[in-house]
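Q:
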Ligand code: TYM
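In UniProt numbering, the protein residues as written are 4 to 336.
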C-alpha cells in the first residue's frame with residue numbers, strides 16, 4: 004500500500020495557501036493511501052517562540068486539520084515531538100548530510116537574509132540550518148512514497164530524496180525514496196497585498212493573508228482590497244499581472260476551471276473579486292464552523308493525539324531501529 008506523509012508548522016494561523024497547497028490534498032489522500040500527518044512542533048522551535056503561544060497554536064493546528072476533514076479513523080494525525088524517533092533519525096541523517104548542501108537551501112538563505120545583511124548567519128539558530136534534515140527524517144521514518152506539499156517545499160523534498168538515496172547506497176536498502184506531490188492549481192498562493200510574495204504566516208500586513216478561519220465579512224474585505232494593477236484588463240499573466248493572476252488562480256482552485264479560461268468571463272476587477280470572495284466563502288465557511296466545534300472539546304483532541312502518537316511510533320520505531328543497525332549502532336541492551 005502507498006504511504007503518504009506530510010506536515011505543517013504550528014507557528015501561526017493556518018491560511019489559504021496551507022489549505023489549497025497542502026491540506027486539501029491531505030484530505031483526498033486519506034482514501035487513497037496509508038496517510039500520516041504531523042504537526043511539526045519541533046520545527047517551530049527553530050525560531051523564537053513564546054512557550055504558552057506555541058502550546059495554544061499546536062492545539063489550534065490540530066483542530067484546524069480535523070476541521071478541514073482529516074479523520075483519525077482514516078489517517079494517522081500526530082505531533083512530531085510525541086514521536087522521539089524524529090530527532091533520533093535526524094541525527095543519523097545529519098551525519099550523512101553535507102554542510103554545503105544545507106547551505107544551498109533557499110528557505111534558509113531567505114530567512115537569514117530577512118534577519119539582516121552581512122554576518123546575519125551568526126545570529127540564527129543551528130536548528131534553522133539543520134531544519135531540512137529533520138524534515139527528511141519526518142518523511143523517511145514512514146517510508147513515504149508521496150509527500151503532498153506546496154511548491155515552496157520542492158527543494159526540501161529533493162534533499163530528502165538525496166539523503167535517502169545516499170543512505171541506501173552507503174548502508175544498503177533502508178528508506179523508500181519519496182516523491183513530492185504538488186497540486187496543479189493552488190500550489191503557490193500569493194499574498195493579496197504583495198502578490199509577488201507567497202502568502203505566509205509571517206506576512207508584513209495581515210490584510211494580505213486569508214486565514215482558514217476568517218469570518219466571511221473579513222475574508223470579503225481582504226479580497227476586495229487585494230492589490231491588482233491599473234490597466235483594467237482581466238487576463239492571466241503571472242509575470243506582468245501578479246495580483247489579477249493570483250485572483251484567477253484562487254478562483255480556479257476554489258470553484259474549478261482554469262485561470263486562463265476564467266479570465267474571459269470577467270470584464271472588471273470588481274466582478275472578479277466578487278466571484279473570488281463568493282467561492283472562498285463557500286469553501287471555507289463549513290471549515291470555520293467545524294473548527295469552533297472541534298476546539299471546544301480539548302479532551303477529544305487529546306485522545307486523537309494519543310492514538311496518533313501510538314500508531315506513528317509503531318512505524319517510526321521499526322524504521323529507526325533498522326537505520327541505527329545499518330550505520331553500526333548496537334541494539335538497545
Ligand atoms: P509550512 O508549515 O510552512 O506549510 C505547510 C504546507 O502548506 C504549504 N504552503 C503553501 N502552499 C501554497 N501556497 C502558499 N502560499 C503556501 N504556504 C505554505 C507548504 O508548501 C506546506 O506543504 N517544512 C514544512 C513542514 C514540514 C513538512 C515535513 C512537510 C516539516 N516536515 C515533512 C512535508 C513533510 C513547512 O514549513 O510547511
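Beta carbons are placed, not taken as given, at the ideal position from N, Cα and C, and that holds for glycine.
#1: Please state whether DSSP places residue 67 in a helix, a strand or coil.
#2: Go ahead and label residue 164 buried or exposed: buried means 16 or more other beta carbons lie within 10 angstroms of its beta carbon, across all protein chains shown.
#3: Using only CA atoms, which one of 227, 203, 199, 209 lies nearest to residue 241?
#4: Which term fits residue 311, buried or exposed, when burial requires 16 or more other beta carbons within 10 angstroms of its beta carbon?
#5: For residue 336 and chain C, any beta-carbon pair shorter than 8 Å?
#6: My output table needs one value for residue 40: the three-state DSSP class, helix, strand or coil.
#7: Between the Cα of residue 291 and those of 153, 90, 57, 70, spot the shortest distance and give me the residue it belongs to.
#8: Taking all protein chains shown into account, decide if residue 181 is buried (16 or more other Cβ within 10 angstroms of its Cβ) or exposed.
#9: Should residue 190 be listed as close to the ligand TYM, given that the test is whether its C-beta is under 7 Å from any heavy atom?
#10: Could you check whether the Cβ of residue 146 sits closer than 7 Å to any heavy atom belonging to the ligand TYM?
#11: How big is the Cα-Cα spacing for residue 59 and residue 23?
#12: Okay, do the region 313-323 and the region 77-89 touch, 3+ Cβ pairs below 8 Å being the bar?
#13: Please state whether the Cβ-Cβ distance between residue 155 and residue 201 is less than 8 Å.
#14: Quick check: the Cα distance between residue 266 and residue 101, rounded to an integer number of angstroms?
#15: Within the same chain, show all residues whose beta-carbon is closer than 7 Å to that of residue 320, passing over the 5 residues directly before and after it, in chain order.
#16: Taking Cβ positions, are residue 7 and residue 151 nearer each other than 8 Å?
#17: With DSSP collapsed to three states, give me the class of residue 244.
#18: Mapping the DSSP letters down to three states, classify residue 238 as helix, strand or coil.
#19: Quick one, which of 222, 258, 103 has its alpha-carbon nearest residue 18's?
#20: Is residue 150 helix, strand or coil by DSSP?
#21: Measuring alpha carbon to alpha carbon, tell me which residue in 127, 256, 323, 97 is nearest residue 111.
A: Judging by the given coordinates:
#1: Start at 1 with the first residue of the chain shown, and residue 67 comes out as number 64. In the structure shown, residue 67 sits in a helix (DSSP, three-state: H, G or I).
#2: As a position in the chain shown, residue 164 is number 161, starting the count at 1. Buried, since its Cβ has 16 or more Cβ neighbours within 10 Å.
#3: For the purposes of this step, residue 241 is taken as the residue at position 238 of the chain shown. The candidate whose alpha carbon is nearest that of residue 241 is 199.
#4: Residue mapping note: residue 311 aligns to position 308 of the chain shown, counting from 1. With 16 or more Cβ atoms within 10 Å of its Cβ, residue 311 is classed as buried.
#5: In the displayed structure, chain C is absent; only one protein chain is listed.
#6: To locate residue 40, count along the chain shown from 1; it is residue 37. Here residue 40 sits in strand by DSSP.
#7: Translated into positions along the chain shown, residue 291 becomes position 288. Looking at the Cα atoms, 70 is the closest of the given residues.
#8: The residue given as residue 181 occupies position 178 in the chain shown. Residue 181 should be labelled buried.
#9: Position 187 of the chain shown, counted from the start, is the residue given in the question as residue 190. At least one heavy atom of the ligand TYM is nearer than 7 Å to the Cβ of residue 190, so yes.
#10: Within the chain shown, the letter at position 143 stands for residue 146. The answer is no for residue 146.
#11: Working through the chain shown from its first residue, we reach residue 59 at position 56. Working through the chain shown from its first residue, we reach residue 23 at position 20. Cα-Cα distance, rounded: 24 Å.
#12: yes
#13: Counting from one through the chain shown, the residue named residue 155 turns up at place 152. Counting from one through the chain shown, the residue named residue 201 turns up at place 198. Yes, Cβ-Cβ distance for residue 155 and residue 201 is below 8 Å.
#14: Within the chain shown, the letter at position 263 stands for residue 266. Within the chain shown, the letter at position 98 stands for residue 101. Their backbone Cα atoms lie some 46 Å apart in a straight line.
#15: Start at 1 with the first residue of the chain shown, and residue 320 comes out as number 317. Excluding residues within five positions, the ones whose Cβ falls inside 7 Å are 88.
#16: Numbered from 1 along the chain shown, position 4 holds the residue referred to as residue 7. Numbered from 1 along the chain shown, position 148 holds the residue referred to as residue 151. Cβ distance < 8 Å, so residue 7 and residue 151 count as in contact.
#17: Within the chain shown, residue 244 is the residue found at index 241, counting from 1. Residue state, collapsed to three classes: coil.
#18: If you number the chain shown from 1, residue 238 lands on position 235. Three-state result, residue 238: coil.
#19: As a working mapping, residue 18 is identified with position 15 in the chain shown. Considering only alpha carbons, the answer is 222.
#20: Here the question's residue 150 lines up with position 147 in the chain shown. The answer is strand: DSSP assigns residue 150 an E or B state.
#21: Residue mapping note: residue 111 aligns to position 108 of the chain shown, counting from 1. Looking at the Cα atoms, 127 is the closest of the given residues.
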